[in-house]
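Below is one structure; the comments refer to it alone.
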Amino acid sequence: MKNIYIYSFLAFILAFTSCTKEQEIIEGVESDISNPPQNVTYNSLTTSYADTIITEKPSLSGGTTNVAYGIEYPVRVFIGGEEVDYATTSIVDSAMVQFLFTTDAKTGEVIIRDTPNFSVTDLPYGDYVVSVYTDYRGGTVVHDSASTIHLVNLGLELEQPSYTNTVNTSFTGVYETVKAIVTDLETSDLEILSYALINDPVEGFSIDSLTGELSKESVLIAPGTYQFGVKVNTTYGDKYFDSTLIATVNPLDIAMSYTSKSLGFLETGSLGLPTLSGSELDAADQSSFRYSFTEEYVGFTIDSLTGEISRPNLLAAETSYSLEVALVTNIGVVPNTTLEITIAEKPAMTFTKDGVSTTSVEVSPWTAFTGLQVNLEQLGNEAQTYSIISDLEGLTINTTTGAIALAADQNYTDGEYAVTVVANSPGNDPLPYADAYTIKVVTKEFETETITGGYQEIVDIDPPFNGMVGRVFDDMIIPTWAAPTVIGAHADHPTSTPWIKSVQGAGATFSTGIYGVVLEVPLAGVHGEIKTLEVKYKDGLHNTHGWGAGSKFNRSFRVSDAYTSSSFVASEWTTLEEENNGTWTTGYGATNMSSNEYVLPTEDLDEISYSREITEGETGSLFFGIFVEVIETTWGNTFAIVDLKYTTVEVYDAIFE
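Numbering (full-length UniProt numbering), first residue to last: 1 to 657.
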């Protein structure tokens, strides 16, 4: 029976005639509307399972050719001649079945294919009756029971209910033949077209699609039992025989073994060759053998051709190892074996000073020491070398003997410093001995001596030019030729302050040569070693009258503990700082320049370094001076040491613990 839904032809005509302007009906539309498609019929299709089942194109009568096809759901299912009631039976999943059925919209072919959630092979055998609808310009026509697809259980069996075989690893070739037999032909022309393996066959097994011959193609198939199935393709679809093919692959009859080894920690070299045996050994080509570890083992190697295992260095430092070895031959893979290795404990690294064990040393920031010795057994046939890692600059190690030394005067920050000594075995492979030693830096008796005045007067020295002259005045040493006058009023220096002394007038000019202002510092009561100095000094030009040739000179800061002569002798003084490498100039006619104040060290230096040990009970003096070498005749210059600070520390011998 066909249900036909047709738009009212009268309504259609009224719609057109209601327009204000008469419109021409599109050519062919009237014919299509008045002649709906009829008698959409399909040839009956008998088939078994296939990946995709497609009917022939349907025949159609009627006046229109502008037709689109579709499935009229649900598809009815008849099993054993009885229609399945989806509401009361669980034989099939109604929703899943519907998704399998579609049509080609243009040709009308009914198509059954797998979906992601359901397979054609999940359908039960039976008849599937499909109603098809056609869309045309006049509406929709449903064609009941247009196509019937007979999904049949092909009368087809295998010669054997299962094919069970055992093959050797080394075997390749045909080991069995599968044959399908037609037992109950539902049609007269059933033919067997091809064979294929199913159920995820292992790579290396195959079937000849025409003859059904089963082959083992690879000697690299691992021993074990493999089960898979076969699909037989016929002129009426496919038939599936799940898990009917069983193949057991025997292990290759070649055994491999190694003799377990116990090693000293320092023992390197060959650990042995494998022993091989078995009935298939003679059939193998030993030039094809390839040995390998199944994973990386740090500190061990294996010769791929001979299987010899070696310990080339001391990187393998654990106490035990199981080295698993694989062997591939031209006739298959030999079962894996292991070499058990036991290694003695790592020898201890120790440290001694003068033959006495020590684990740490205490030093001052400036202490030096030698003779700290690393002790470690020889790690191989060749003597090892040493290197050291530490944040202490000046800490060194003899690469061959392992003797550690610390340089003096490094000015370390107080704290504890870990020292890592690395012993490098033959081949320069390192063995870490991290944080094996500790150096403690401790500053003791840190003192700051501030010299602010009260110095002994430096006696006048003749001749006054090209000599070093000076005298105490108001806590400052000034040149003997500098009259004790007070500078006139300045905004930042009241007249009551005897700030700095100047030389004025033509009668007090400087001649070219070296002049100095010197402090004498008594050493009585001071203990330790001088490490740093800080000096404040003032210099400048006082020329309130606006005359004078200006100033041009070099300036330096020097120290002496051997000043004994009655004139300046350069060899008796050590230059600690020299400013203005060239000349320092005060311009012609400048005024009020005497307010300049300078501090040594300069911004470019962290300190002025001077090392001088002062023992307890020592007497005598040190002499610190500012020296000016006059380049051009000048007058009106002033300079003086305002303040001096120096730092003493306790420098003591290294204390080993």
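Glycine included, each C-beta is placed from N, C-alpha and C at the ideal position.
Three-state class that DSSP yields for residue i in the structure shown
{"i": "V232", "result": "strand"}
{"i": "E30", "result": "helix"}
{"i": "R113", "result": "strand"}
{"i": "E572", "result": "helix"}
{"i": "S44", "result": "coil"}
{"i": "A654", "result": "coil"}
{"i": "V219", "result": "coil"}
{"i": "V649", "result": "strand"}
{"i": "V442", "result": "coil"}
{"i": "T121", "result": "helix"}
{"i": "Q38", "result": "strand"}
{"i": "Q286", "result": "helix"}
{"i": "D51", "result": "coil"}
{"i": "W499", "result": "Interpretation of W499 is limited by its pLDDT of 28, a score under 50 that renders its predicted location unreliable; the figure taken from the coordinates is listed afterwards. W499: coil per DSSP, three-state reduction."}
{"i": "H527", "result": "coil"}
{"i": "V472", "result": "Any reading at V472 is ruled out, since the residue's pLDDT is 34, under 50, leaving its predicted position unreliable."}
{"i": "S314", "result": "Looking at the sequence shown, residue 314 is not Ser but Leu. Coil, per DSSP."}
{"i": "R612", "result": "strand"}
{"i": "Y297", "result": "coil"}
{"i": "F205", "result": "strand"}
{"i": "N424", "result": "strand"}
{"i": "V84", "result": "coil"}
{"i": "L276", "result": "strand"}
{"i": "L395", "result": "strand"}
{"i": "A562", "result": "coil"}
{"i": "A418", "result": "strand"}
Minimum C-alpha distance to residue i - residue among the options
{"i": "G212", "options": "Y49, E176, G272 and A368", "result": "E176"}
{"i": "N336", "options": "E529, L327 and G138", "result": "L327"}
{"i": "S209", "options": "F289, N233 and E191", "result": "N233"}
{"i": "P347", "options": "I111, L376, F118 and Y195", "result": "L376"}
{"i": "H143", "options": "E657, G278, P58 and A562", "result": "P58"}
{"i": "S320", "options": "V67, D104 and G299", "result": "G299"}
{"i": "A423", "options": "A403, S170 and T338", "result": "A403"}
{"i": "T615", "options": "V167, G528, G224 and I389", "result": "G528"}
{"i": "L252", "options": "A418, S611, T166 and S206", "result": "T166"}
{"i": "F171", "options": "L395, Y652, D189 and I331", "result": "I331"}
{"i": "S277", "options": "E296, M256 and Y297", "result": "M256"}
{"i": "V421", "options": "Y412, N411 and T438", "result": "T438"}
{"i": "F624", "options": "T575, P161 and F656", "result": "T575"}
{"i": "T367", "options": "G355, Q38, A405 and L263", "result": "A405"}
{"i": "G126", "options": "I79, L323, F265 and G155", "result": "I79"}
{"i": "L263", "options": "T235, E308 and E318", "result": "E318"}
{"i": "residue 699", "options": "V559, T401 and A50", "result": "Because residue 699 is not part of the residues shown, which for the chain are 1 to 657, the question remains open."}
{"i": "D561", "options": "K531, P522 and R555", "result": "P522"}
Extent of the continuous beta strand (DSSP E) run through residue i
{"i": "F99", "result": "Counting along the chain, F99 falls outside any beta strand (DSSP E), though it belongs to the alpha helix (DSSP H) covering S94 to L100."}
{"i": "R290", "result": "R290 to F293"}
{"i": "L339", "result": "G332 to I343"}
{"i": "T166", "result": "Y163 to N168"}
{"i": "P74", "result": "A68 to I79"}
{"i": "K261", "result": "K261 to L263"}
{"i": "L406", "result": "A403 to L406"}
{"i": "A326", "result": "S320 to T329"}
{"i": "Y240", "result": "G237 to N250"}
{"i": "G272", "result": "G269 to G272"}
{"i": "L193", "result": "I192 to I198"}
{"i": "N60", "result": "Note that residue 60 corresponds to Leu in the displayed sequence, not to Asn. Per DSSP, L60 belongs to the beta strand (DSSP E) from S59 to S61."}
{"i": "E362", "result": "S360 to V363"}
Per DSSP, cross-strand counterpart(s) of residue i
{"i": "E213", "result": "T177"}
{"i": "P522", "result": "S621"}
{"i": "V374", "result": "F351"}
{"i": "G126", "result": "L151"}
{"i": "I254", "result": "DSSP, once it has assigned bridges, lists no residue as partnering I254."}
{"i": "Y226", "result": "A247"}
{"i": "D184", "result": "G155"}
{"i": "T103", "result": "V110"}
{"i": "T134", "result": "Y69 and V141"}
{"i": "T385", "result": "N424"}
Contact test: residue i Cβ vs the ligand NAP heavy atom, cutoff 6 Å
{"i": "S34", "result": "Questions concerning the ligand NAP fall outside what the structure shown contains, since it holds no ligand whatsoever."}
Does the region 197-216 touch the region 162-175, meaning 3 or more C-beta pairs lie closer than 8 Å?
yes
Quick check: the region 62-73 against the region 98-107, are at least 3 beta-carbon pairs closer than 8 Å?
With a cut-off of 8 Å, the region 62-73 and the region 98-107 count as touching, because enough Cβ pairs lie within range.
Below 8 Å, can you find three or more Cβ-Cβ pairs linking the region 269-288 to the region 329-345?
yes
Kindly confirm or deny that the region 42-50 and the region 139-153 touch, where touching means at least three C-beta pairs closer than 8 Å.
yes
Can we say the region 357-375 touches the region 284-296, given the rule of at least three CB pairs closer than 8 Å?
With the cut-off at 8 Å, the region 357-375 and the region 284-296 do not touch.
Cβ contact (3+ pairs, closer than 8 Å) linking the region 127-134 and the region 237-251:
Contact between the region 127-134 and the region 237-251 is absent, because fewer than three Cβ pairs lie under 8 Å.
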